[in-house]
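Counting in this note's numbering, the sequence shown runs from 29 upward without gaps. See structure below.
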Amino acid sequence: MEREEAAAREDGDSQLVYRIERPVYDESFIRSQLLNRKENSTTLRQKLAHQFQCSSERAKAVALSFLPILTWLPSYPVKQYLFSDVVSGLSTGVVQLPQGLAYAMLAAVPPVYGLYTSFYPVLLYTFFGTSRHISVGTFAVISLMIGGVAVREAPDSMFYVLPTNGSNMSAVLDVEARDARRVQVAVMLTTMVGIIQIVLGLLRFGFVAIYLTEPLVRGFTTAASVHVCVSQLKYLLGVKTQRFSGPLSAIYSVKAVLSDITSTNIATLILGLVCLIFLYAIKEINERFKKKLPIPIPGEIIVVIVSTGVSYGMSLSEGYKVDVVGTIPTGLLPPAVPEFSLLPSLVTDSFAVAIVGFSMGISLAKIFSLKYGYSVDGNQELIALGLCNFISSFFQTFAITCSMSRSLVQESTGGKTQIAGLLASLVVLLVVVAIGFVFQPLPQTALAAIIMVNLLGMFKQFRDIPALWRTSKIELAIWLVAFVASVLLGLDYGLLVAIAFAILTVIYRTQSPKSAVLGHVPGTGLYCDVDEYEEAAEYEGIKIFHSNSSIYFANSDLYVNALKEKTGVNPEHLQAARKARKKQKEKANSSHNSPSKICVKYKKQGVTHEVVSCNHMAEEQKNGQLGDRLSESEEAIFLEPPGTVHSIILDWTSASFIDSVGAKAIKQVIKEYAAVDVRVVIAGCSRSLLAELDTLQFFTGVMTTDMVFPTVHDAVLHCQHSHSHPPTAAPTNEIPSQEMTLVTENKP
């Protein structure tokens with residue numbers, strides 16, 4: 029009669045006590061007596077009908093999921109939120125305006141396209157996005173990736189034309205044709221990015237971001253910051269160099285700038301340094317006094333306004349050859365179809381931009397959602413970003429994601445909902461429609477200064493290196509590989525290398541699991557590593573083997589080898605010893621001497637065994653012959669007497685899955701141990717893992733469910749009982765308690 033009691037009470041030390049008394053369970057008993065599977069009578073047709081059924085509730089749920097604005101706008105608390113959203117939206121828009129102009133330079137397109145990109149996608153995200161605090165739009169890393177593709181597909185060398193007057197002058201760069209082509213490349217790339225993100229969102233692939241681990245993203249974005257700063261050196265110094273893309277582009281860019289540094293425009297350099305120092309000081313003030321300032325000081329817009337006024341008043345472009353933004357057309361462009369002929373050469377780049385853009389957006393969205401207690405849907409975020417990119421690309425924009433600096437501004441100035449982003453886009457629209465021409469004298473060196481100072485936060489990620497060195501060497505390796513590969517190979521190839529390396533680290537971890545032999549901590553029911561804890565003691569004749577990994581094709585051999593090494597019970601050695609004992613028994617029957625010691629010579633390669641009596645070995649030792657036989661390539665191993673270990677328990681508490689290769693390896697090793705009278709049982713196996721074993725037909729032949737136990741302690745009690753009460757007392761013909769010496773010969 030099963031009797032169970034679970035009691036929890038508080039004693040004098042306020043400690044809870046848990047008591048339970050029950051029979052030892054094995055899987056066979058559990059299946060026959062305790063658990064019965066529910067019968068699933070639902071047919072495939074019924075499942076499909078339920079999946080595709082339409083009802084008013086389902087239609088409403090789909091509409092609310094696709095348009096999240098419908099879930100919060102009807103109940104928007106105007107009195108509580110509106111003022112905060114207005115202040116936040118205006119502040120964010122003031123920051124978004126100069127960043128849009130600056131990041132267009134990174135994307136290798138005219139600055140006005142940065143303003144378009146700061147309007148359309150931000151407006152659309154208000155309706156489709158689920159995060160209330162992130163600010164989408166232009167972003168340095170994505171802009172730089174787009175610029176690299178645009179320069180690769182439309183290099184300067186394609187647009188040199190000879191003068192029309194037929195003179196002997198050298199070819200002239202057709203800047204308008206080049207920029208028009210690069211805009212086509214950026215727009216087509218954005219269209220593809222949008223399509224990929226929409227498809228991944230509809231297929232519920234929002235989980236793909238988990239493969240971009242945080243160290244990988246931080247190392248990659250730090251490398252991107254290096255690329256961005258290198259690309260802005262020529263604007264800061266006012267030198268004329270071509271733009272490079274592809275592997276080693278950062279090195280080539282630095283080399284080109286340094287080789288032409290003697291032609292630095294002094295006026296450009298002075299203005300750029302002044303802007304850098306001013307912006308850095310403003311950021312420090314905002315950071316130090318952020319609790320006292322109602323809104324952050326808008327350093328970027330101050331720099332834009334002042335530098336534009338100085339440039340216009342002093343005629344820096346005409347008098348000092350300072351490069352300026354140039355023509356900014358007033359108004360919005362009509363929609364146009366992207367150039368689909370560029371599609372074949374942009375597919376790979378589109379996937380890279382789509383994944384990086386989404387990963388950055390969802391990571392920042394989750395940070396804010398956890399801080400303010402609401403949820404974001406990864407799949408809907410994919411669809412939202414995809415729609416923003418796809419629809420906006422017909423209005424001549426380039427790919428977007430969220431910006432960390434603008435998002436922090438939007439959040440710190442009191443933004444509550446997506447209304448703040450909507451108002452920020454309207455600020456940009458006002459500039460595009462009405463006063464865009466005002467910014468035509470804006471010096472490019474001021475935009476370069478804005479870009480560089482905004483990347484200070486990313487350069488602070490170098491602090492990750494000492495922290496990761498102390499906590500996780502593998503994550504440090506991922507960070508460094510992502511950084512170095514992205515700096516040297518470019519952002520596209522660098523990202524692929526980083527992802528491949530991150531996957532290799534997962535394989536390495538699964539192939540190098542930590543294994544241990546467990547012992548019982550008296551009076552607790554706990555089992556711990558005997559090598560790590562003094563209190564853990566092994567049961568006599570029982571080895572409990574634990575490995576913290578699943579068992580599949582990549583590590584099944586390693587698991588078996590670790591099992592034999594850790595337990596110290598090798599079936600091959602025991603088989604060799606058994607054969608030697610059998611031969612010694614035959615000799616013992618002919619001579620009635622006392623039990624002698626046996627030397628077993630076991631050759632690993634060729635599998636040959638030689639039995640030498642230890643009396644004879646002693647004689648050889650006296651004659652100096654044994655030293656010759658035990659050369660440097662041989663080693664003597666003293667085995668435990670056969671039969672000391674009668675049971676091995678495999679602790680599968682940590683195992684989450686097993687495949688057919690792993691199951692075959694376990695069955696084989698169980699048979700090998702059974703051949704030397706060592707029983708192997710399994711403990712701590714989850715129900716899902718048991719279901720996989722059933723599917724793999726693991727329990728066939730000699731493998732039965734009564735060798736599987738729900739806990740390690742169940743298995744221990746069963747093994748102790750089975751050994752003390754064997755089912756049959758079969759007579760043994762072996763000589764008792766002989767000391768065995770195994771000589772292993774490592775000959776080629």
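All residues carry an ideal CB built from backbone N, CA and C; glycine is no exception. Only a predicted model underlies this, so the values are computations on that prediction, with no experimental measurement involved.
Check                                                                                                                                                              : Outcome
Hey, quick one: how far does the beta strand (DSSP E) through A544 stretch, first residue to last?                                                                 : 543-549
Bridge partners of Y555, per DSSP?                                                                                                                                 : H548
In chain order, which alpha helix (DSSP H) runs of at least 4 residues are fully inside the segment 697-743?                                                       : 715-723
Hey, how far is the Cα of K607 from the Cα of K699?                                                                                                                : 18 Å
Mind checking whether V437 and L118 have CB atoms under 8 Å apart?                                                                                                 : no
Which residues share a DSSP beta bridge with C430?                                                                                                                 : V164
Tell me which residue opens and which closes the alpha helix (DSSP H) that S116 is part of.                                                                        : 106-134
Looking at the strands, I want to know which residues DSSP matches up with S675.                                                                                   : I570, R707
Any contact between the segment 403-415 and the segment 222-235? By contact I mean 3 or more CB pairs, one from each, below 8 Å.                                   : yes
On the three-state DSSP scale, how would you describe Y153?                                                                                                        : helix
Taking only beta-carbon atoms, is S60 less than 8 Å away from chain D?                                                                                             : Among the chains of the structure shown, chain D does not appear; only one protein chain is present.
Would you kindly check if the distance between the Cβ of V375 and the Cβ of M173 is under 8 Å?                                                                     : no
How big is the Cα-Cα spacing for G128 and T166?                                                                                                                    : 6 Å
T760 to P599, Cα distance in whole Å?                                                                                                                              : Low confidence applies to T760: its pLDDT is 37, below 50, so where it sits in the model is not reliable, and the reading given next is rough at best. Taking the straight line from one Cα to the other gives about 19 Å.
I'd like to confirm the pairing. Which residues does DSSP put opposite V200 in its beta bridges?                                                                   : V189
What residues in its chain sit with their C-beta under 7 Å from that of V213, if we drop five residues either side in the sequence?                                : V177, A178, E181, A182, L370
Check whether the segment 442-462 touches the segment 297-306, counting contact only when three or more Cβ pairs, one atom from each stretch, lie closer than 8 Å. : no
Going by DSSP, what residues sit across from I686 in a beta bridge?                                                                                                : I579
Am I right that P471 and S335 are in contact with their C-beta atoms under 8 Å? What's the rounded C-beta distance?                                                : 5 Å
Run the CB neighbour count on K632, radius 10 Å, all protein chains shown included, and call it buried at 16 or more, exposed below.                               : For K632, the predicted model reports a pLDDT of 42, less than 50, meaning its position is unreliable and no value from the coordinates is stated.
Short check: CB of K571 to CB of V588, under 8 Å?                                                                                                                  : no
Would you grab the beta carbon distance between P366 and S420 for me? Rounded to a whole angstrom, and I think it's under 8 Å.                                     : P366 to S420, Cβ: 11 Å. No contact.
Out of V525, L532, Y239, N583, point me to the one whose CA is closest to P541's CA.                                                                               : N583
Going by DSSP, which residues form a beta bridge with A565?                                                                                                        : H548
Go ahead and pull the three-state DSSP assignment for P243.                                                                                                        : helix
Using three-state DSSP, classify P471 as helix, strand or coil.                                                                                                    : strand
Within this structure, are the beta carbons of S675 and K594 separated by less than 8 Å?                                                                           : no
What's the gap between the Cα of K592 and the Cα of V282?                                                                                                          : 57 Å
In the DSSP output, what is V437 paired with across the bridge?                                                                                                    : The partner list for V437 (beta bridge, DSSP) is empty, contrary to what the question assumes.
In chain order, what residues of the same chain have a beta carbon less than 6 Å from the beta carbon of Q43, not counting five sequence neighbours either side?   : none
Could you pull out every residue in the same chain whose Cβ sits closer than 8 Å to the Cβ of P324, ignoring the five residues on either side in sequence?         : S119, N314, K318, V437, S440, T441
Measuring straight from C-alpha to C-alpha, what distance separates A481 and W507?                                                                                 : It should be noted that the sequence gives Val, not Ala, for residue 481. In a straight line, the C-alpha of V481 is about 23 Å away from that of W507.
Using 8 Å as the threshold, is the segment 733-750 in touch with the segment 561-575, meaning 3 or more CB pairs across them?                                      : yes
Under the rule that 16 or more other beta-carbon atoms within 10 Å means buried, what is S125, buried or exposed?                                                  : The amino acid occupying residue 125 in the given sequence is Leu; Ser does not appear at that position. The residue is buried, with at least 16 neighbouring Cβ atoms inside 10 Å.
Under 8 Å between the Cβ atoms of Y188 and G449?                                                                                                                   : no
Does P738 pass the burial test, meaning 16 or more other C-beta atoms within 10 Å, or should it be called exposed?                                                 : buried
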